[in-house]
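Numbering (the numbering used here), first residue to last: 18 to 103.
Next comes the structure, spelled out in structure tokens:
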């Protein structure tokens, strides 16, 4: 095994491939921070316009669900509400 191969693999790990993956993740994490900041700004804008941010977050969560999962969740909540006399 020559010196180039030794540097390319340490303990059976392809170092350049690992470095590449880590750096890609780091770049995406930075992009994610920027996007999260943008989302916070939009929620702040919505709040200043009089919208209920908590309700908006609930709507976003529901929109991510398919119809069957959403219906099931709503049914369960309704059963729990009735059980607690709400």
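Using N, Cα and C, we set each Cβ at its ideal position, and we do this for glycine too.
Quiz prompt | Backbone secondary structure at residue 66 - three-state DSSP | solution = In this structure, residue 66 counts as coil in the three-state DSSP scheme.
Practice problem: Could you tell me how far apart the beta carbons of residue 1 and residue 78 are, in whole angstroms, since I believe they sit closer than 8 Å? | Solution: Residue 1 cannot be examined here, being either before or after the span of the chain that is shown, 18 to 103.
Quiz item: Just how far apart, CA to CA, sit residue 74 and residue 32?
Solution: Each residue's Cα considered, the two are about 41 Å apart.
Quiz item: Are residue 72 and residue 82 closer than 9 Å when you measure CB to CB?
Solution: No.
Practice problem: Starting from residue 86, follow the alpha helix (DSSP H) in both directions and report where the run begins and ends. | Solution: Taken as a continuous stretch (DSSP letters only), the alpha helix (DSSP H) holding residue 86 covers 84–100.
Quiz item: Could you give the distance in angstroms between the alpha-carbon of residue 6 and the alpha-carbon of residue 58?
Solution: The shown model of the chain, from 18 to 103, leaves out residue 6, and the question about it has no answer.
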